[in-house]
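Residues in the sequence shown are numbered consecutively from 1211, following my numbering.
Every residue gets a Cβ at the ideal spot worked out from N, C-alpha and C, and that includes glycine.
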Amino acid sequence: MRVLIDANVLIDALLPDAERPQGDRHNAQLVLEATARGRMTAVITPVLFAFVLHVVKPRRASHRKRMEQALEFLLDITEWAPVTPDDYRTALTSSFTDVEDGAQFFAAGRVGAIITRDVQDFRDHVHVPVFTAAQFVREYLK
């Protein structure tokens, strides 16, 4: 299955629970592990990766090496979909209220599902299943 993974899930996987108490690190990491093992194809965009990089950028030297390795891992296991001006044009004229979410979705093209913590941001605008990481793990990875 080809799945668009939203930035909030990627950030949940990369940051410790103490830095992301609202997140679901365990299930987000299970999604990335399934991707690394070839059980699914995770799709991200340069915009998503740039946002993840901005949020998780190492602030402490002791943290830097671990985060660089995690970001390299993410680069290795994901498929990238470029975001074009047409993706933004389509998003602007779509029912998406969050144009950036719309652009990510349209850039990803044909995906079988979306994994996000903000399910409502996508659910009313797409014709593919939208899951939280926990829901996706229960439905597809157990």
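If I'm right that H1337 touches S1304 with Cβ under 8 angstroms, what's the distance once you round it to whole angstroms?
The Cβ separation is near 12 angstroms, so there is no contact.
Which residues mark the beginning and the end of the beta strand (DSSP E) in which R1212 is found?
Segment 1212-1215, the beta strand (DSSP E) holding R1212.
Which of helix, strand or coil does DSSP assign to F1332?
Helix.
Compare the C-alpha of N1218 against each of D1328, P1339, V1253 and name the closest.
Here the closest residue by C-alpha is D1328.
State the Cα-Cα distance for the pair H1264 and M1277, rounded to the nearest angstrom.
Going by the C-alpha atoms only, they are around 12 angstroms apart.
Work out the CA separation of T1300 and A1313 for me, nearest whole Å.
Whole-angstrom Cα-Cα distance: 7 angstroms.
Less than 9 angstroms between the C-beta atoms of I1353 and I1215, yes or no?
One cannot answer for residue 1353 here, as it falls past the ends of the chain, which runs 1211 to 1352.
At 3 residues or longer, and completely inside the region 1258-1337: list those beta strand (DSSP E) runs for me, N to C.
1288-1290, 1323-1325, all fully within the region 1258-1337.
Just list the residues that DSSP pairs T1251 with in beta bridges.
Answer is R1212.
Provide the residue(s) that pair with F1341 in DSSP beta bridges, ordered along the chain.
Note: F1341 sits in a beta bridge opposite I1325.
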